[in-house]
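Q: Those sequence lines, one after another, are chains A and B. Residue numbering for the first sequence follows the numbering used here, beginning at 8 and increasing consecutively. Residue numbering for the second sequence follows the numbering used here, beginning at 102 and increasing consecutively. Take a look at this one; I'll ask things after.
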Amino acid sequence: MHELSIVSSLIEIISKDAQGKGLREVTFVRLVIGALSAASPKAVEFALEYATKGTILEGAQVEIAVEEAKSRCTGCATLFEPQLPFLLCPACGKPASCFPQGRDVYIDYYEGE
Amino acid sequence: MRVYLAKKLREANSNNAADNRRFLEQYGVLMVNIMGSPGCGKTSLLEETLRRLSSRYRLAVIEGDLYTAEDAERLKPWAAEIVQINTEGGCHLEANLIGQLLTSDSPALLQTEMLFVENIGNLICPAEFDLGEDLRVTLLSVTEGNDKPRKYPLAFKEAQATLITKTDLLAYVNFSLEQAMLDLKKLNAEGAIFPLSVKTGEGVENWCHWLEQKLAEKRK
């Protein structure tokens with residue numbers, strides 16, 4: 008359940024930013040979860056429901072988008088969508104080690120008033 | 102009002118890990134993050150590693166467990182310094198927990214040469230949180246089955262070494278060492294692989310020698 012620490016960090020970042028902008032409530036959050044981030048969207052949703060209680064995010068609608076993973080081969084520079092379990096480059100067979108997309112969880116934007 | 106942040110949620114952890122890495126660099130301490138399932142032999146491995154290396158090096162351990170200080174007690178005879186972290190349900194260690202211990206106020210951990218961190222027994226979450234370690238080491242015991250690298254690839258993919266433990270039990274379990282090595286190489290071409298048994302001592306020398314080499318490289 009490391010999703011709880013992801014969610015705690017989301018609440019901390021948005022609360023700080025929203026308070027700095029003088030917002031009273033946050034109504035919407037768009038969260039992007041990388042396909043190779045090892046975070047489960049369902050577990051994030053579950054954690055959000057409880058962890059936002061009593062915060063500026065309470066009651067906010069959260070949209071979760073899953074972003075496909077992309078890897079740039081460090082051997083032959085091919086850009087490809089790595090497939091589990093081995094995440095091999097389809098052109099040269101080298102295991103992927105560089106992920107420009109899909110390895111992170113990030114906040115795209117939020118809305119508040 | 103819409104606010105675009107494009108902010109990574111593990112960024113705080115990555116920043117803390119970078120701080121830890123810089124701090125350890127200053128003191129020349131080699132930090133080793135030990136990961137693996139519950140029961141794969143992390144504490145037994147540390148016990149044997151510390152026993153073999155403690156006469157030549159100053160060694161420290163940060164012991165992560167959900168509850169109890171039993172593992173720290175086991176390792177006490179061999180470690181110059183040992184700290185227990187109880188996460189009380191938390192499934193992984195984070196860089197700030199380590200960072201709190203690496204301050205000039207508690208110099209004992211920093212006046213060592215190798216600092217082993219025994220992570221929480223879990224093959225999923227610990228792999229996602231950089232602690233600032235020099236070496237990430239994942240254990241795979243033969244009793245778990247050789248399919249684990251394929252089932253939990255991320256835990257093995259970014260490790261500098263995989264230790265295949267409890268090899269003394271190979272004759273009694275359905276574990277293909279050959280298949281496990283093939284899969285690990287396919288996932289992580291550069292990672293070292295050490296099959297070993299702390300019970301018979303087989304293979305432990307190679308692992309200890311590798312650690313000594315890595316320490317020498319860091320201190321060069």
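Don't be surprised by glycine CBs; every beta carbon is placed ideally from N, CA and C.
List the residues of chain B that Ile71(A) touches, going by C-beta distances under 9 Å, in chain order.
A: By Cβ distance, chain B contributes nothing, its closest Cβ being about 12 Å from Ile71(A), past 9 Å.
Q: Got a sec, what are the start and stop residues for the alpha helix (DSSP H) Phe257(B) sits in?
A: 254-258 is the span of the alpha helix (DSSP H), which, as asked, contains Phe257(B).
Q: Express the C-alpha separation of Thr150(B) and Ala103(A) in angstroms, rounding to a whole number.
A: In a straight line, the C-alpha of Ala103(A) is about 32 Å away from that of Thr150(B).
Q: Taking 6 Å as the limit between beta carbons, can you name the residues of its chain near Arg153(B), skipping five residues before and five after?
A: The answer, listed in chain order, is Cys309.
Q: Under a Cβ-count criterion, where at least 16 other Cβ atoms within 10 Å of its own Cβ denotes burial, should Gly153(A) be classed as buried or exposed?
A: As shown, chain A starts at 8 and ends at 120. That puts residue 153(A) outside it, with no answer to give.
Q: Please identify, using Cβ separations under 7 Å, the residues of the stretch 284-317 of chain B that lie next to chain A, in order along the chain.
A: Here the close residues are Lys287, Leu288, Asn289, Ala290.
Q: Could you confirm whether any beta carbon from chain B is found closer than 7 Å to the beta carbon of Pro92(A)?
A: Closer than 7 Å: yes.
Q: Taking 7 Å as the cut-off, decide whether the C-beta atoms of Arg175(B) and Glu118(A) are in contact.
A: Result no, Cβ atoms of Arg175(B) and Glu118(A) do not sit closer than 7 Å.
Q: If you run the structure through DSSP and keep just helix, strand and coil, what is Phe5(A)?
A: Residue coverage of chain A in this structure runs from 8 to 120, which leaves residue 5(A) outside it and unanswerable.
Q: Can you confirm whether Met102(B), when its beta carbon is compared against all beta carbons of chain A, has any partner nearer than 7 Å?
A: So yes, Met102(B) belongs to the interface.
Q: Near Lys267(B), which residues of its chain fall below 7 Å by C-beta distance, leaving aside the five closest residues on each side in sequence?
A: Result list for Lys267(B): Gly142, Ser242, Val243, Thr244, Ser298, in chain order.
Q: Please classify Cys96(A): is it buried, with 16 or more other beta-carbons within 10 angstroms of its beta-carbon, or exposed?
A: Classification for Cys96(A): buried.
Q: In angstroms with no decimal places, state the Cα-to-Cα distance between Ile135(B) and Glu148(B).
A: About 13 Å.
Q: Name, in chain order, the residues that DSSP records as bridge partners for Asp166(B).
A: DSSP, once it has assigned bridges, lists Asn187(B) as partnering Asp166(B).
Q: Hey, is the stretch 115-129 of chain B in contact with the stretch 55-73 of chain A, meaning 3+ C-beta pairs nearer than 8 Å?
A: At 8 Å Cβ cutoff, the stretches do not touch.
Q: Please classify Ala118(B) as buried or exposed, where buried requires at least 16 other C-beta atoms within 10 Å of its C-beta.
A: Label assigned to Ala118(B): buried.
Q: Distance check for Leu17(A) and Arg37(A), CA to CA, integer angstroms please.
A: If I take the Cα positions, the gap works out to 11 Å.
Q: Can you tell me the Cβ-Cβ gap for Gly165(B) and Thr188(B), rounded? I've got them flagged as a contact below 8 Å.
A: Yes, they are in contact, since the Cβ atoms of Gly165(B) and Thr188(B) sit about 6 Å apart, within 8 Å.
Q: Using alpha carbons as the reference points, say which of Arg251(B), Met282(B), Gln212(B) lies closest to Pro92(A).
A: That would be Arg251(B), whose Cα lies nearest to the Cα of Pro92(A).
Q: Ignoring anything shorter than 3 residues, give me the beta strand (DSSP E) runs that lie fully in the stretch 216-301 of chain B, in order along the chain.
A: Within the stretch 216-301 of chain B, the complete beta strand (DSSP E) runs of at least 3 residues are 236-242, 262-266, 293-296.
Q: Hey, quick one: how far does the beta strand (DSSP E) through Ala181(B) stretch, first residue to last?
A: Run containing Ala181(B): none; DSSP gives neither H nor E here.
Q: How about Leu255(B) and Ala228(B): are their beta carbons less than 7 Å apart?
A: Result yes, Cβ atoms of Leu255(B) and Ala228(B) sit closer than 7 Å.
Q: Give a yes or no on whether 7 Å exceeds the smallest Cβ distance from Ala76(A) to chain B.
A: Output row for Ala76(A): interface = no.
Q: Quick one: is Ala262(B) near chain A, going by C-beta distance under 7 Å?
A: Judged by the 7 Å Cβ criterion, Ala262(B) is not in contact with chain A.
Q: At the level of alpha carbons, what is the spacing between Val218(B) and Glu120(A)?
A: Near 45 Å, if we compare the C-alpha coordinates of Glu120(A) and Val218(B).
Q: Nearest-angstrom Cα distance between Tyr114(B) and Cys83(A)?
A: Note that residue 114(B) is Asn in the sequence shown, not Tyr. Rounded to whole angstroms, Asn114(B) to Cys83(A) spans 31 Å at the Cα level.
Q: Taking only three categories from DSSP, how would you classify Lys23(A)?
A: If DSSP states are grouped into helix, strand and coil, Lys23(A) belongs with the helices.
Q: Cutting at 8 Å between CB atoms, please list the residues of its own chain near Ile63(A), excluding the five before and the five after it.
A: Ile21, Ser22, Ala25, Gln26, Leu30, Arg31, Glu32, Val33, Gly119, listed in sequence order.
Q: Distance check for Leu55(A) and Gln261(B), CA to CA, integer angstroms please.
A: Approximately 34 Å between the Cα atoms of the pair.
Q: Assign Ser16(A) to one of three DSSP states: helix, strand, or coil.
A: If DSSP states are grouped into helix, strand and coil, Ser16(A) belongs with the helices.
Q: Can you find a C-beta in chain A that's less than 7 Å from the C-beta of Arg320(B)?
A: Cβ-Cβ to chain A under 7 Å: no for Arg320(B).
Q: List the residues of chain D whose Cβ lies closer than 8 Å to the Cβ of Ile114(A), in chain order.
A: This model lacks chain D altogether; the protein chains it does include are A and B.
Q: Leaving aside the five residues before and after Asn220(B) along the sequence, list all residues of the same chain whose C-beta is less than 7 Å from its C-beta, in chain order.
A: The residues are Asn134, Ile135, Met136, Gly165, His193, Leu194, Pro227.
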